[in-house]
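Visitor: Let me begin by handing over the structure; questions about it come next.
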């Protein structure tokens, strides 16, 4: 029995029979897990016993909850498919080449799409994945794949941050910020309590040197972690990605006409709710699908159509604010030829619902 993940064309690593997928380089992820575990372990071993005796037994309990939250969020971010788009099938590539009446290379070409709201977006052609990249999709050179709602490639989690793992990345930053502040504050409290029983602060530090090591690690980590969490909170409220913010995609001062972000719901709270609490989209790859070999074709037409139909149904509702437009993929509405069917699904399965 052969599954789809065994034929993945990107540089990602797949584990657990297609259940987990990470980037190619996970060395920094292991380092991050080591630092978090060592710092928290020192806190549990050298600070919690004294603080439990002097203050409250709830201190290590809350610290354990924060530590488990951080570990769960970083692993979920690292092992979740960020939204990798499948590459074009041979039939889709053949149809694009036939439609190219000018007989020029598709590399560098764009497809102009008009939205019902009046926005005009250009879909660039990806030479590697052989498709016109839908809105908010960018090709990651490290993973060698097009990522939906591409935010950035984070080396600390060893994976791209995109449509399907952004919320876990945000919760990871949030929980890690609280954990760093929590440990740092109680490091100071621990030293202060010991200093009251000793003549100087130096004597208290000599009694518990591990506390000083934890405090230094947390002090230098707090600024970057909290700063990054604050920055992504700002991005979520505006409903933009890091990639869009760097490129000033929706910066109206650079355009003659007033261009607004078509993906924003117009309210920061609604944007936060939609990003962090909305339904999680299914994977475009469906890596655990069993591949059926028929006449040297790696996947049957029926299975491909079912996968594309399911993806289209989701994305016509995910990126819209209030829309009821769901493209009918029933048999009566399918294009006559298989090539037209594949091309139509290829162009529409990732487009926002406001496209005319």
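In the working numbering, the protein residues as written are 404 to 759.
Positions of the beta carbon are idealized from the N, C-alpha and C atoms, including for glycine.
Apart from the five residues on each side of it in sequence, which residues of its chain come closer than 6 Å, Cβ to Cβ, to residue 416?
Guide: 425
Visitor: Between 684, 694, 607, which has its C-alpha nearest residue 488's C-alpha?
Guide: 684
Visitor: In the DSSP output, what is residue 513 paired with across the bridge?
Guide: 527
Visitor: Hey, would you say residue 560 sits closer than 8 Å to residue 477, going by beta carbons?
Guide: Remark: C-beta atoms of residue 560 and residue 477 approach each other more closely than 8 Å.
Visitor: Out of 525, 501, 531, 500, state which residue places its alpha-carbon closest to the alpha-carbon of residue 413.
Guide: Nearest C-alpha to residue 413: 531.
Visitor: Return the chain-ordered list of same chain residues with a C-beta closer than 7 Å to the C-beta of residue 745, the five sequence neighbours on each side being excluded.
Guide: Any answer about residue 745 is weak, because its pLDDT of 43 lies below 50 and its placement is not dependable; what the coordinates show is given next. Taken in chain order, the residues that qualify are 492, 494, 495, 498.
Visitor: For residue 404, I'd like the list of residues in its chain whose CB is within less than 7 Å of its CB, leaving aside the five on either flank, ordered along the chain.
Guide: 693
Visitor: Enumerate in chain order the residues of its own chain whose CB-to-CB distance from residue 720 is below 6 Å, with the five nearest sequence positions on each side excluded.
Guide: With a pLDDT of 35 at residue 720, under the threshold of 50, the modelled position of that residue is not reliable, and no figure is offered here.
Visitor: Return the CA-CA distance between residue 624 and residue 440, expressed in angstroms with no decimal places.
Guide: 14 Å
Visitor: Considering only the alpha carbon of each residue, which of 535, 541, 435, 582 lies closest to residue 565?
Guide: 541
Visitor: Quick one: give me the first and last residue of the beta strand (DSSP E) that residue 541 is part of.
Guide: 541–543
Visitor: Could you check if residue 513 is buried or exposed, using at least 16 other CB atoms within 10 Å of its CB as the buried criterion?
Guide: exposed
Visitor: I'd like the list of long-range same chain contacts for residue 419, defined as Cβ closer than 8 Å, with 5 residues on each side in sequence excluded.
Guide: none
Visitor: With 16 as the cutoff for other CB atoms within 10 Å, does residue 651 come out buried or exposed?
Guide: exposed
Visitor: Return the CA-CA distance between residue 467 and residue 586, expressed in angstroms with no decimal places.
Guide: 11 Å
Visitor: Let's see if you can read the secondary structure: which residues bound the beta strand (DSSP E) around residue 548?
Guide: Per DSSP, the continuous beta strand (DSSP E) segment holding residue 548 begins and ends at 548–550.
Visitor: Where do the ends of the alpha helix (DSSP H) carrying residue 464 lie?
Guide: 461–482
Visitor: Quick one: is residue 448 buried, meaning 16 or more other Cβ sit within 10 Å of its Cβ, or exposed?
Guide: Under this definition residue 448 is an exposed residue.
Visitor: From residue 534 to residue 645, what does the alpha carbon distance come to, in whole angstroms?
Guide: 23 Å
Visitor: Tell me which residues share the same chain as residue 543 and place their Cβ nearer than 6 Å to its Cβ, disregarding the 5 neighbours each side in the sequence.
Guide: 550, 556, 563
Visitor: Considering just the uninterrupted stretch of the alpha helix (DSSP H) at residue 593, what are its terminal residues?
Guide: 569–600
Visitor: Report buried or exposed for residue 407, applying the criterion of at least 16 other Cβ atoms within 10 angstroms of its Cβ.
Guide: buried
Visitor: Tell me the rounded alpha-carbon separation between residue 637 and residue 500.
Guide: 42 Å
Visitor: Since residue 536 is in the beta strand (DSSP E), which residue starts that stretch and which ends it?
Guide: Residue 536 -> no beta strand (DSSP E), and no H or E assigned at all.
Visitor: Tell whether a beta-carbon distance below 8 Å holds between residue 442 and residue 621.
Guide: With respect to the 8 Å criterion, residue 442 and residue 621 are classified as neighbours on the basis of their beta carbons.
Visitor: Decide yes or no for the touch test of the region 608–621 against the region 586–597: beta carbon pairs closer than 8 Å, at least 3 of them.
Guide: yes
Visitor: Taking DSSP as the reference, what is the three-state secondary structure of residue 429?
Guide: Coil at residue 429, not helix or strand.
Visitor: Can you tell me whether residue 643 is helix, strand or coil according to DSSP?
Guide: coil
Visitor: Run through DSSP, which three-state label would residue 404 get?
Guide: Judged by DSSP in its simplified three-state form, residue 404 adopts coil rather than helix or strand.
Visitor: Have a look at the DSSP bridge pairing and note the partners of residue 562.
Guide: In the DSSP secondary-structure assignment, residue 562 is bridged to 557.
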